[in-house]
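Protein chains in written order, with the working numbering: chain A, 1 to 111; chain D, 112 to 225.
Spelled out as structure tokens, the structure:
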């Protein structure tokens with residue numbers, strides 16, 4: 001059974017810092033991994049999808065890496081801004097197509 | 112707006128009542144998923160469809176829960192005889208079939224059972 005852990009659970013940083021959010025998963029037999037952002041009381045916004053054959057994916061100030069064999073992914077946020085404040089969720093997808101989520105990292109970026 | 116839509120956005124009901132939620136996926140997407148999220152937790156998978164066919168159901172989906180996607184477009188999720196433990200955010204997502212199908216989520220339906 002796939003289990004996903006995200007560290008840290010919460011993070012509070014001043015604006016401008018570069019951040020690393022960590023995600024680990026127990027079953028390395030995955031097809032892809034998605035990172036999402038969730039604002040309070042809202043749905044999920046897809047940030048990045050990394051296919052199992054890829055090691056890295058970039059979108060603007062976001063960069064996600066995947067080490068499938070060790071069961072790890074990291075989300076790097078460059079030059080953080082107050083608008084980045086949200087909960088970040090990672091979710092690997094296996095051969096059953098469903099996403100398995102961690103409990104997320106709650107990020108607060110203050111001015 | 113061509114994203115995933117859900118209706119209603121909020122539902123308050125009394126214990127024992129039945130409720131039904133609707134999800135409209137992105138138009139060209141043939142897969143539709145339902146997830147449930149409780150406070151402070153990540154979403155948990157409930158069920159998913161490819162076109163009209165319901166391909167998988169989680170053990171979380173008790174006999175009181177039923178989902179349909181009759182014409183392979185929108186889907187409904189019904190909860191019968193609601194319990195306080197059913198209070199949660201119900202999220203719908205859609206994707207194109209395939210191993211790399213990115214899932215896109217709707218805004219969710221917040222259910223409160225009194």
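Glycine included, C-beta positions come from ideal geometry on N, C-alpha and C. Values in this document were obtained by computation on a predicted structure and should not be read as measured data.
Check                                                                                                                                                                                   : Outcome
Less than 6 angstroms between C-beta atoms, sequence neighbours within five positions excluded: which residues of the same chain meet that for residue 7 of chain A?                    : 22
Counting only Cβ-Cβ distances shorter than 7 angstroms, please list the residues of the region 152 to 173 of chain D near chain A, keeping chain order.                                 : 152, 153, 154, 156, 159 and 167
At least one CB of chain D closer than 8 angstroms to the CB of residue 39 of chain A: is that the case?                                                                                : no
Using DSSP's beta-bridge definition, name the partner residues of residue 59 of chain A.                                                                                                : A:62
Since residue 219 of chain D and residue 202 of chain D are thought to touch, with beta carbons under 8 angstroms apart, how far apart are those beta carbons, to the nearest angstrom? : 5 angstroms
Does DSSP put residue 97 of chain A in a helix, in a strand, or in coil?                                                                                                                : coil
In angstroms, rounded to a whole number, what distance separates the CA positions of residue 50 of chain A and residue 121 of chain D?                                                  : 33 angstroms
State the DSSP-derived secondary structure class of residue 82 of chain A, mapped to helix, strand or coil.                                                                             : helix
Which of helix, strand or coil does DSSP assign to residue 54 of chain A?                                                                                                               : coil
Note down the Cα distance separating residue 145 of chain D from residue 110 of chain A, rounded to an integer number of angstroms.                                                     : 34 angstroms
Would you mind reading off the limits of the beta strand (DSSP E) that contains residue 131 of chain D?                                                                                 : 130 to 135
Taking residue 64 of chain A as the reference, give the member of A:11, A:24, A:3 and A:9 with the closest Cα.                                                                          : A:24
Just to make sure I have the definition right: I need the residues of chain A whose C-beta is within less than 7 angstroms of the C-beta of residue 218 of chain D. Which are they?     : 42 and 43
Say whether chain D places a C-beta atom closer than 8 angstroms to the C-beta of residue 89 of chain A.                                                                                : yes
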